[in-house]
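There are 2 protein chains.
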Amino acid sequence: MGMMGASLAASLRKDPGLRIAGVVRSQKSKEFIESHELATEVYCASGLSDLPVALDEFDLMVLGMPVNANGVLLEELGARSAENLPLITDMSSTRTYLEKVAAQFPDLPFIGSHPMCGSEDTGPSAVKEELFRNRLVILIRSSIRSPEKQENFDNLSQFWKHLGSHVFELNERDHDLVLAYLSHAPHLLSSLLATVTARRPEVRNINRQSPIPITGGGLRDMLRIAGSNPEMWRDILQTNRNYIAESLRDLRQGLDELIQTVESDDLDWWAGWQNQSRKDRNEICGYNDDT
Amino acid sequence: MGMMGASLAASLRKDPGLRIAGVVRSQKSKEFIESHELATEVYCASGLSDLPVALDEFDLMVLGMPVNANGVLLEELGARSAENLPLITDMSSTRTYLEKVAAQFPDLPFIGSHPMCGSEDTGPSAVKEELFRNRLVILIRSSIRSPEKQENFDNLSQFWKHLGSHVFELNERDHDLVLAYLSHAPHLLSSLLATVTARRPEVRNINRQSPIPITGGGLRDMLRIAGSNPEMWRDILQTNRNYIAESLRDLRQGLDELIQTVESDDLDWWAGWQNQSRKDRNEICGYNDDT
Chain A
121 MGMMGASLAA
131 SLRKDPGLRI
141 AGVVRSQKSK
151 EFIESHELAT
161 EVYCASGLSD
171 LPVALDEFDL
181 MVLGMPVNAN
191 GVLLEELGAR
201 SAENLPLITD
211 MSSTRTYLEK
221 VAAQFPDLPF
231 IGSHPMCGSE
241 DTGPSAVKEE
251 LFRNRLVILI
261 RSSIRSPEKQ
271 ENFDNLSQFW
281 KHLGSHVFEL
291 NERDHDLVLA
301 YLSHAPHLLS
311 SLLATVTARR
321 PEVRNINRQS
331 PIPITGGGLR
341 DMLRIAGSNP
351 EMWRDILQTN
361 RNYIAESLRD
371 LRQGLDELIQ
381 TVESDDLDWW
391 AGWQNQSRKD
401 RNEICGYNDD
411 T
Chain B
121 MGMMGASLAA
131 SLRKDPGLRI
141 AGVVRSQKSK
151 EFIESHELAT
161 EVYCASGLSD
171 LPVALDEFDL
181 MVLGMPVNAN
191 GVLLEELGAR
201 SAENLPLITD
211 MSSTRTYLEK
221 VAAQFPDLPF
231 IGSHPMCGSE
241 DTGPSAVKEE
251 LFRNRLVILI
261 RSSIRSPEKQ
271 ENFDNLSQFW
281 KHLGSHVFEL
291 NERDHDLVLA
301 YLSHAPHLLS
311 SLLATVTARR
321 PEVRNINRQS
331 PIPITGGGLR
341 DMLRIAGSNP
351 EMWRDILQTN
361 RNYIAESLRD
371 LRQGLDELIQ
381 TVESDDLDWW
391 AGWQNQSRKD
401 RNEICGYNDD
411 T
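Heads up: the protein sequence lines correspond to chains A and B, in order.
Residues in the first sequence are numbered consecutively from 121, following the numbering used here.
Residues in the second sequence are numbered consecutively from 121, following the numbering used here.
Written out as structure tokens, the structure is:
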């Protein structure tokens, strides 16, 4: 249980009689979850084999590690008899890798979930009870293995909706493509902006001399996600490298065009470009068109 | 009086007995300022010659138009006898252009100010009384014309500090360089990110089909300033084109390196790069080092 697992437990514990077993990697996390009564039981374990409970005592198992570690868990689960397993889901940010792992085990009762509510805060102490409310959860309808029973899709969808989430289905390829553009590349761009800005010596020195940093709200917003959670993002990068590279190359092409126009003497393009980008922003984010 | 001018008046009107004359371009703005009692008097005028008051009745004149229009006003003021002028300042986002204008008029009592509290909201109805509190105001110590009297610097500095601002002095070149990196390029990058993201058809179509947009808080933050105020930004672009192009080229070089490493099989660079960008972010924004 990290930030998302603890928040999931916190959202569920309102339901009386529900048995929630949490698994953590450190004694400190175990103590936090116990003292905040986030689960009915909590185990400190490094893997499935350490767990002192039988998985089939539960209806649902939610994997909450970074995506590569979730893949390792899925392999371990796939090696077990499917009869002794509950429905399994996860909360990872990339999907093709996990679908490939799952495809090796035709009986594995796994449906991938991506609740879009990650943040730069990590660990169970960053728990937020309403984390899933009004957020999007993408369920994966695999394009590379036979689909799970519709009943399981319905149940899992109901589970997330019960927490206030909106549910949307995509295949793993579309998911990874869209998320590269709408989440992964913007995260890298935020980190890049921090690095490039700090690399220019005059900027750094003058900013240091100022009584308060020379940063408006715009830059602060753009740098909020810079450098977040290296472990999780290493996995995202590794498992969605092609689409991330593709979206960065698109950005690079856009940047080339922008530099060319900025350097030209013509400024007629500007108002149109700026208005279009505002329309684009409003469409992407679902805001009313205010242009 | 736009958003910043109205906010300036709103911050000042607490001082009893102060005469605040506002100048606006539209009847609608005039009515807003009158009905909200933001000034002791307000004039709708298209230029200095329309004004029914003598400027030397005032201690300070604050130009609050986009930078090119402020330059035109400065030229008009420069053509007048300096004896009939109060101390003049402004609130523009770029400085070299205005210093060049002012350099043509050795007697013009002008010291440039850049209060760093612009926003994507425009017009007097976006008034914020505490807009200047805890914000940075950069005063320009010109490197291309003889400096104003120190007394005037002290008075202007006192004026901004009275509103709760922190004051920092830079020459116009350093200002424009640093602001290109810390404000102008990030604004363009936000617009670019919106445009590039929306240009990819699958991303656009899938995002449209989703019950709520597939955008985490990260992307929303990065797109907040996309497409803001085309008129103001056209002027910024025009008057700081070289440094903006320079910072965009630095970003392009950083993006090239990033694409190369993302496409390589090696992931060892990642944690170091991500941690460095977090340190850089924290230094730029003045946050505690939390890495």
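A virtual CB, placed ideally from N, CA and C, is assigned to each residue, including glycine.
Check	Outcome
May I ask you to list, following chain order, the residues of the region 172-206 of chain B that have a beta carbon less than 9 Å from some beta carbon of chain A?	none
Among residues of its own chain, excluding the 5 on either side of B/T160, which ones have a beta-carbon nearer than 6 Å to its beta-carbon?	R139, I140
Would you kindly work out how many angstroms separate the C-alpha atoms of B/P136 and B/I258, rounded to a whole number?	27 Å
With distance defined between alpha-carbon atoms, name the residue in B/L368, B/S384, B/D341, B/S127 nearest to A/Q380.	B/L368
Identify the residues that DSSP records as bridge partners of B/A141: which are they?	B/E161
Pick from B/V192, B/T214, B/A130: whose alpha carbon is nearest that of B/S169?	B/V192
Identify the continuous beta strand (DSSP E) that holds A/F234 and give its terminal residues.	It is His, not Phe, that sits at residue 234 of chain A in the sequence shown. Segment 233-235, the beta strand (DSSP E) holding A/H234.
Here's the rule I'm using: 16 or more other beta-carbon atoms within 10 Å means buried, otherwise exposed. How should B/V173 be labelled?	exposed
Under the assumption that B/H307 contacts B/I345 (Cβ atoms under 8 Å), give the Cβ distance between them as a whole number of angstroms.	5 Å
Between which residues of its own chain and B/M236 is the CB-CB distance below 6 Å, once the five residues before and five after are set aside?	R255, L256
Closer than 8 Å, Cβ to any Cβ of chain B: which residues of the region 258-288 of chain A, in chain order?	I258, H286, V287, F288
Along the chain, where does the beta strand (DSSP E) containing B/F288 start, and where does it finish?	286-290
So A/P229 and A/E289 are in contact, right, with Cβ under 8 Å, and what is the actual spacing, rounded?	Going by Cβ atoms, the distance from A/P229 to A/E289 rounds to 17 Å, so no, they are not a contact pair.
Roughly how many whole angstroms lie between the Cα atoms of A/L128 and A/R200?	26 Å
Going straight from the alpha carbon of A/E415 to that of A/G392, what length do you get?	Nothing in the structure corresponds to residue 415 of chain A, since chain A is present only between 121 and 411.
Less than 8 Å between C-beta atoms, sequence neighbours within five positions excluded: which residues of the same chain meet that for B/L276?	L180, L207, T209, I231, S233, L259
Of all the CB atoms in chain D, is at least one closer than 8 Å to the CB of A/Y217?	Protein chains A and B are contained in the structure displayed, whereas chain D is not.
Quick one: Cα of B/V287 to Cα of A/I334, how far?	11 Å
Please name the residue in A/N188, A/M121, A/K148 whose C-alpha comes closest to that of A/Q358.	A/N188
Between the region 386-399 of chain B and chain A, which residues of the former have a C-beta closer than 8 Å to a C-beta of the latter?	L387, W390, A391, W393, Q394, N395, Q396, S397, R398, K399
Using a Cβ cut-off of 8 Å (strictly closer), state whether A/C164 contacts chain B.	no
Which term fits B/G284, buried or exposed, when burial requires 16 or more other beta carbons within 10 angstroms of its beta carbon?	exposed
Quick one, are the C-beta atoms of B/G167 and B/M211 less than 8 Å apart?	no
How would you label B/R253, buried or exposed, when you count the other beta carbons within 10 angstroms and need 16 or more for buried?	exposed
So, helix, strand or coil for B/I264, using DSSP?	coil
Considering only their Cβ atoms, is the gap separating B/H304 from B/N360 smaller than 8 Å?	yes
Are the C-beta atoms of A/Y363 and some chain B residue less than 8 Å apart?	no
So B/K399 packs on B/D409, CB below 8 Å; how close in whole Å?	6 Å
Exposed or buried, which one is B/P244 when buried takes at least 16 other CB atoms within 10 Å?	buried
Determine, using beta carbons only, whether A/A130 comes closer than 8 Å to chain B.	no
Is DSSP giving B/D400 helix, strand or coil here?	helix
Determine whether the beta carbon atoms of B/G238 and B/M124 lie at a separation below 8 Å.	yes
Report the residue from A/L132, A/D386, A/N204, A/S146 whose alpha carbon sits nearest the alpha carbon of A/T250.	Note that residue 250 of chain A corresponds to Glu in the displayed sequence, not to Thr. Ranking A/L132, A/D386, A/N204, A/S146 by Cα distance to A/E250 puts A/L132 first.
If you pair each beta-carbon of the region 369-378 of chain B with each one of the region 314-326 of chain A, do three or more pairs fall below 8 Å?	yes
Under 9 Å, CB to CB, which of the residues in the region 303-325 of chain A have a partner in chain B?	S303, A305, P306, H307, L308, L309, S310, S311, L312, L313, A314, T315, V316, T317, A318, R319, R320, E322, V323, R324
Does B/P186 pass the burial test, meaning 16 or more other C-beta atoms within 10 Å, or should it be called exposed?	buried
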